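J.: In mature numbering (1 follows the signal peptide of the UniProt record, and there is no 0), the protein residues as written are -20 to -1, 1 to 325.
What follows is the structure, given as structure tokens:
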């Protein structure tokens, strides 16, 4: 499955893309809206490694507290590293606290992340959201290295935090995976400068109305609880793509080039068979709209952030004639989704 990770996908080695990723995983009984799928998940155990033992450092170590970060949050930071080898212990410190609602566990932040390899030599910037021109979704959960999780909790919009991720934050599998990707945590650490822009919503909240699609029922319990979608019907499905707003959001309209953070449930028209639900997984997910089935990319483009919509997708705008056998979707099936649009970057 094509997917975009939460923290600088191009910048981080496998270990952090695995733990920080907020995207949905394709399950044995489910199918995400992704246009293509691939086997395996980012958290699978690494294959046995025949790599040489980790190198050791000689000479003085630099102190993480002496890393200097210039510039204001919202602009590309200028990071100056102390002389000496990298510190091999993890740490975090707030550069700017920001203002407003503090981030807490379970939030998904919208943030600009800049990543550096601290090797005591070149200390290169590996990648930055500022270079890409768009922020990232950063889920704050217990799957993150503790130092990163704790560094993000309490940060406020406009705030900036520096996080040093070293080998003491990582388990052996993570370290081995990183080494196979070219990062040896025996002699290097990673430094992240994270600028919080804001937070994605946890659910679409507001006055709900009936989607008005014959054959589809939706119960909206309110607050952050998941809606209940029912598609058991003898009604014939719509031949064309249908998008109905249930809760009207007041955020910016989603663009076809963006990545969205969503909660959703997907069912098959007529049978009420559920093939996927982020709500049941307990974690919102993200999709680049140019990497999902056409029904999603077309259906969500123009929808205001904060909205709940019901989308019916005919086969030709879903998985096509081939269907998705692993999820029980035939090539003739019409798909029905209820989607909360929580954010877009």
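Where is the CB? At the ideal position from N, CA and C, for every residue including glycine. Source: prediction; values computed, not measured.
How long is the line joining the alpha carbons of residue 262 and residue 290, rounded to whole angstroms?
T.: Near 20 Å, if we compare the C-alpha coordinates of residue 290 and residue 262.
J.: If you run the structure through DSSP and keep just helix, strand and coil, what is residue 315?
T.: Looking at residue 315 - three-state DSSP - the assignment turns out to be strand.
J.: What distance in whole Å lies between the Cβ atoms of residue 144 and residue 67, which are believed to be in contact at a cut-off of 8 Å?
T.: Between residue 144 and residue 67 the Cβ distance is about 7 Å, and since that is below 8 Å, they are a contact.
J.: On the DSSP bridge assignment, give the partners of residue 119 in chain order.
T.: In the DSSP output, where bridge partners are listed per residue, residue 119 has 88.
J.: Could you check whether residue 170 and residue 95 sit closer than 9 Å to each other, using their CB atoms as the reference points?
T.: Going by C-beta atoms, residue 95 is nearer than 9 Å to residue 170.
J.: Could you check if residue 216 is buried or exposed, using at least 16 other CB atoms within 10 Å of its CB as the buried criterion?
T.: With fewer than 16 Cβ atoms within 10 Å of its Cβ, residue 216 is classed as exposed.
J.: From the DSSP output, which residues share a beta bridge with residue 154?
T.: Partner(s): none; residue 154 has no beta bridge.
J.: Is the stretch 192 to 205 touching the stretch 107 to 121, taking contact as three or more C-beta pairs under 8 Å?
T.: Too few Cβ pairs lie closer than 8 Å, so no.
J.: Whose C-beta lies closer than 6 Å to the C-beta of residue 324 among residues of the same chain, with five residues either side of it excluded?
T.: Excluding sequence neighbours, residue 324 sits near 234, 238, 240, 285.
J.: Is there contact between the stretch 204 to 215 and the stretch 309 to 324, where contact requires at least three CB pairs shorter than 8 Å?
T.: Output reads yes: the stretch 309 to 324 touches the stretch 204 to 215.
J.: Quick check: residue 173 and residue 75, are their CB atoms within less than 9 Å of each other?
T.: Yes, the Cβ-Cβ distance between residue 173 and residue 75 is below 9 Å.
J.: With DSSP collapsed to three states, give me the class of residue 295.
T.: In the structure shown, residue 295 sits in a helix (DSSP, three-state: H, G or I).
J.: Of the residues 175, 72, 295, 38, which one's Cα is nearest the Cα of residue 52?
T.: If we check each option's Cα against that of residue 52, 175 comes out closest.
J.: Does DSSP classify residue 68 as helix, strand or coil?
T.: Three-state DSSP puts residue 68 in coil, outside helix and strand.
J.: Mind checking which residues open and close the alpha helix (DSSP H) that includes residue 126?
T.: 126 to 132 is the extent of the alpha helix (DSSP H) around residue 126.
J.: Report all residues from its chain with a CB closer than 7 Å to the CB of residue 58; omit the five preceding and five following residues, and keep chain order.
T.: The residues are 50, 51.
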